[in-house]
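Student: The numbering used here numbers the first residue of the sequence shown as 492 and each following residue consecutively.
Glycine residues also receive a C-beta, built at the ideal position from the N, C-alpha and C atoms.
For reference, the structure I am asking about is given below.
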Amino acid sequence: MAPSRAAKRPKLELVPAASSSSAAPPQRGDDDYVPGNIVEIELCNFMTYDRLVCRPGPRLNLVVGPNGSGKSSLVCAIALALAADPAILGRASSVRAFVKRGEESGHVRLALRGHGPGFRDIQITRKIDTNNKSEWLLDGAIVPKKEIIDVIREFNIQVNNLTQFLPQDRVCEFAKLTPIQLLEETEKAVGDPNLPVQHRQLIEWSKELRVLEVTVKQKEQTLNNLKALNAEQEKDVQRVQQRDKLLKKAELMKKKLPWLRYDMKKLEFVKVQDEEKIFKNKMEEAAKIWQDSKAPIEELKKEKMTHVSSTKKITNQINQNMNKRREVTDEEGQLSARLKTTFDNIEELKREERSRQQRMSNARAALDAAEKELKDLEPYEPPRAEMAQLTEDITQKTYAINKLKFRRNDEQRLLAQEKENLRKCSDKLKQMESKNNKLLQALERTGADKISEAYYWVQENKNMFRGEVFGPVLLEVNIQNKTHAAYLENHVPNYVWKSFITQNASDRDLLVRQLKQYGIPVLNYTGENSIRCEPFNITLEMKQLGIKSRLDQEFEAPPAVKNVLITQASVDHSYIGTDQADQRADSVVKLGICDLWTPRNHYRWSRSRYGDHVSANVDSVHPSRLFLCDLNVSDIEKLRSENEELKRKIEGMEEALRELQKEQRKLEDEEAEIRKEKETIIDRVRSHKKRGEELKRRVDIRRRALEDISQEEDVESSTRKLTDQLAKLNDQRFRAVIKLKSLLGEAVALRWSSAEKNMAFIELDTKIWEMEKDVKKFEKDAVQAARDYENRKRITQEHRQLLLKAKQHAESISVITEDLAKEFEKMPITIEELEGAIQDTESEANSMLFLNQNVLQEYQNRQREIESISTKLEDDKAECERCCSAIETTKVRTPYISSDKYITIISQPCAIL
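Encoded structure:
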């Protein structure tokens, strides 16, 4: 026997707690039963029992019997009565399976010894039926299942605990429990619910204590190492701190440097401000001299303006006088022209009188000649009977022509209808004679009623697709052999023949939307443009059996169409054989061929998934209905005869139209001749009538012209009027000359006054020019002074900006506080001395060299780490003490395990209660 392994730690001594009532052993009654013992068991219609009443003893009970005698049934009844789930029994998942076969319901009743005085028994009853329903009774009263569970829990009955209740179907599960799991289950079964909890707490605290002890030891070691490292680096740290102190002093001096520069800028700014005031005074003095020199000039300019005003007034008067003289001169010229015109008019009147007499003589002669010609004109009577006859002939011809036109239009309309019928008949005949149309009609007869509309839509809208679209598949396949055509047609599913094939997803979606109304399927092929099929090889064994080809080798089609037929119908796995292959079909399957076509039969073999068993299916070969479809020949002959009849009819109608056109042209020519004859007579009548009217109009015109000449004004009266007008014009011309003389005298006086004013103006203008010459010199001095002042003002502003920037720069580096001001007082007061001091301090600091430049940072980091570890170490030590105290306290509270508690174990072939 192997020696026992030494324990890792001493076992805990379990000391009973005086105050724990659960540690006391259960009290037995007079009949030796303890609370929770089963006093009586009653079964009714339960599994193999019709009725059973059993009264177990107060201590160990054994149920012994052969297999099938009902030992397990008794155990199942106890478990179900104690609110166990049927699944834990391993026999059924529902309670209806425990009702005896042939019965509708049953029940189990347990009597448990109770607590309290007299140890009154507790009656628990569970009724079950075949509807999988349970009804619970406690002491005869119906209660919910929860109350039953509460009662059972008071006695610490644990049906699910394998150490209390072990069905025979869970023995393997019990055997797999580890020692720790057995201990936990036993602790649960002994009766004290605190025992497993306290056990788990002890385990957890022990683990936590070990972890804490290791952690404390590691932290103490780490703390000692860190302290040792810091002790070694203290001298270097002191030198680093001294160097940092020097650098800080240099930085403090650098903070004063911009303030010293600011003070210098401030002194320069004050100096520039004083210079600006001096230039301002100079500018104001020059401006005062300039203003004082302008006052006399202004007075002379006012006097000059007075002269200018007087001169303008005289000039206006001269201009007005000139205008008046011009008006008088113009008036005199007009009067002279009117006098000349009056003399000319008198001469013209004399000439007109002589002309009027001559015109009257000519007009009288012309009137006499016109009256004579009118009188000599002979009267003309138009031929009215002839005109009426011609009009009637024209009406008859027009009626006949219109009648012919109506007939011709009717014939043309009928001819157009017949031509349209001929075109439709020819198109229909071409369609019936076309191969594609034959195939489309064959598909229509198989149920694809709108396949032709879908086909023509695709042909008309090819530009809408990104790739090539094939279809229907029947039109894309070309097969020469009629027998092989029947094989292919029967091998490929019918939906494939009427399908269209696209080569990308967008074309497929577009075609599906458009062909949805026609009910035509669409297949999308996205593979390569080469044909993907099994290698074609007819072996010697195949030839000997009569196999000569494969179905995919007997037809031609575009690669996409052929690949679709290969993937959809596996035509590359279907072989073609002769009658010899038909006779030796049983040997074909040995070559691995699963599909064979012969002239009479179609063989298909399939191999079972669960073995090597092979089953065969043989079908007869049906003739082709699609590839070898023929239209009705009688329909084609009928259409051809109808086409010829229409052609003959159209030729006859065209010949009749030509005859009608000749007759119409003849009537139109006769009508034109009659109209021409009538127009000749009408022109002759119009010409004679026009001649008479023209002669009458000529006589009236010449008579009115003679009257107008006779009524013209008398020359003598007109001459007297012109003579009186001439006398008035001479009088007006004399008065205009007198007025012109007066205006000339006034103009001379105004010219003299204007000359005097101009001389005075020139004298004033000369004085003003001389004085303005001096003023311009003063103005130039004032402008120069103002320019100097502006320049100085700009310089001041620039110094102000520089001063502001210097102050902002100094404030950005440091703001002067009382402490900083005291430090600044200890430093040099000039920039040169301060820069020298900064350089000396930095040189002294830089002369301190270190191998480790980060020694101070490392020292401080370790110091902080030491403080942190020290704090955590104290916390961990306190946690260790708390954990030890909790373990000792829990050990003291842990009760003894009572040996009087019961454990129920049920097994086969006997049960121990």
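Label S997 either buried or exposed according to how many other C-beta atoms from any shown protein chain fall within 10 Å of its C-beta, with 16 as the threshold for buried.
Tutor: The residue in question, S997, is exposed, as its Cβ has fewer than 16 Cβ neighbours within 10 Å.
Student: Where does N1123 sit, in a helix, a strand or coil, going by DSSP?
Tutor: With a pLDDT of 46 at N1123, under the threshold of 50, the predicted position of this residue should be treated as unreliable, and no value is reported.
Student: What runs of the beta strand (DSSP E), each 3 residues or longer, lie entirely inside the stretch 1303-1329?
Tutor: Here no run is fully enclosed.
Student: Please report the straight-line C-alpha distance between K1232 and Q825, rounded to a whole angstrom.
Tutor: Roughly 18 Å separates the two Cα atoms.
Student: At 3 residues or longer, and completely inside the stretch 971-1039: list those beta strand (DSSP E) runs for me, N to C.
Tutor: Whole beta strand (DSSP E) segments, 3+ residues: 991-993, 1013-1015.
Student: With a threshold of 16 other CB atoms inside 10 Å of the CB of P787, please say whether the residue is buried or exposed.
Tutor: With fewer than 16 Cβ atoms within 10 Å of its Cβ, P787 is classed as exposed.
Student: When the Cα atoms are used, what is the spatial distance from K470 to K1053?
Tutor: Beyond the ends of the chain as shown, which are 492 and 1404, falls residue 470; an answer cannot be given.
Student: Using DSSP with H/G/I as helix, E/B as strand and the rest coil, what is G1183?
Tutor: Reduced to three states, the DSSP call for G1183 is helix.
Student: Rank I1322, L1293, I1357, M955 by C-alpha distance to the C-alpha of V761 and give the top, closest one.
Tutor: Checking every option, the nearest Cα to that of V761 belongs to L1293.
Student: Within 10 angstroms of the Cβ of G593, are there 16 or more other Cβ atoms? Answer buried if so, exposed if not.
Tutor: Classification for G593: exposed.
Student: Please name the residue, chosen from E1356, P577, K624, that lies closest to S596 on a Cα-to-Cα basis.
Tutor: It is K624 whose Cα lies nearest to the Cα of S596.
Student: Let me know if L657 comes out buried or exposed under the rule of 16 or more other beta-carbons within 10 Å of its beta-carbon.
Tutor: By the neighbour-count rule (16 or more Cβ atoms within 10 Å), L657 is buried.
Student: State the Cα-Cα distance for the pair K1313 and D754, rounded to the nearest angstrom.
Tutor: Answer to the nearest angstrom: the Cα atoms are 17 Å apart.
Student: Using C-beta distances below 8 Å, list every residue in its chain close to V1266, excluding the 5 sequence neighbours before and after it, in chain order.
Tutor: Here the set comprises W781, S784, K785, I788.
Student: Would you mind stating whether A568 and P577 have Cβ atoms separated by less than 7 Å?
Tutor: Contact flag unset, no.
Student: Whose C-beta lies closer than 8 Å to the C-beta of A854 among residues of the same chain, with five residues either side of it excluded?
Tutor: Only R1193, A1196, L1197, I1200 meet the Cβ criterion.
Student: Can you tell me which residues form a DSSP beta bridge with Y946?
Tutor: In DSSP, Y946 forms no bridge with anything.
Student: From the DSSP secondary-structure annotation, give me the bridge partner or partners of R1139.
Tutor: For R1139, which the question treats as bridged, DSSP gives no partner whatsoever.
Student: With DSSP run on the structure shown, which of helix, strand or coil describes I648?
Tutor: Three-state result, I648: coil.
Student: Is A514 helix, strand or coil when you go by DSSP?
Tutor: Because A514 sits at a pLDDT of 44, beneath the cut-off of 50, its placement in the model cannot be relied upon, and the following sentence gives the value as read from the coordinates. Helix at A514.
Student: Just verifying my parser: in three-state terms, what is the DSSP assignment at A632?
Tutor: Correct three-state label for A632: strand.
Student: Within 10 angstroms of the Cβ of V1105, are there 16 or more other Cβ atoms? Answer buried if so, exposed if not.
Tutor: V1105 comes out exposed.
Student: Considering E1056, what are the terminal residues of the alpha helix (DSSP H) in which it resides?
Tutor: Looking at the sequence provided, one finds Leu at residue 1056 rather than Glu. L1056 -> alpha helix (DSSP H) spans 1050-1060.
Student: Expressed to the nearest angstrom, what Euclidean distance is found between the alpha-carbon atoms of D884 and H1179?
Tutor: Answer to the nearest angstrom: the Cα atoms are 26 Å apart.
Student: Excluding five sequence neighbours on each side, which residues of the same chain lie with their C-beta closer than 7 Å to the C-beta of A1227?
Tutor: Closer than 7 Å at Cβ, skipping near neighbours: V819, E822, E823, L826.
Student: Does the separation of the CB atoms of H598 and C535 fall below 7 Å?
Tutor: Yes. Within cutoff.
Student: For Q655, does the count of other Cβ atoms within 10 angstroms reach 16, so buried, or fall short, so exposed?
Tutor: Q655 is buried by the Cβ-count criterion.
Student: Identify the residues that DSSP records as bridge partners of R542: which are they?
Tutor: For R542, which the question treats as bridged, DSSP gives the partners C535.
Student: If you compare alpha carbons, which of E1356, E638, K1363 is closest to L717?
Tutor: The shortest C-alpha separation from L717 is found at E1356.
Student: Could you pull the start and end residues of the alpha helix (DSSP H) that V964 belongs to?
Tutor: Taken as a continuous stretch (DSSP letters only), the alpha helix (DSSP H) holding V964 covers 964-967.
Student: Please state whether DSSP places R592 in a helix, a strand or coil.
Tutor: R592: coil per DSSP, three-state reduction.
Student: Taking the beta strand (DSSP E) that V1080 falls in, what are its first and last residues?
Tutor: Careful: V1080 lies outside any beta strand (DSSP E) and carries neither H nor E.
Student: Verify whether the separation of the beta carbon atoms of A574 and I529 is less than 7 Å.
Tutor: Cβ atoms of A574 and I529: not closer than 7 Å.
Student: Just list the residues that DSSP pairs G561 with in beta bridges.
Tutor: Paired residue(s): none; G561 is not in a bridge.
Student: When burial is assigned at 16 or more other CB atoms within 10 Å of the CB, is R1149 buried or exposed?
Tutor: With fewer than 16 Cβ atoms within 10 Å of its Cβ, R1149 is classed as exposed.
Student: Under the rule that 16 or more other beta-carbon atoms within 10 Å means buried, what is W1260, buried or exposed?
Tutor: It counts as exposed.
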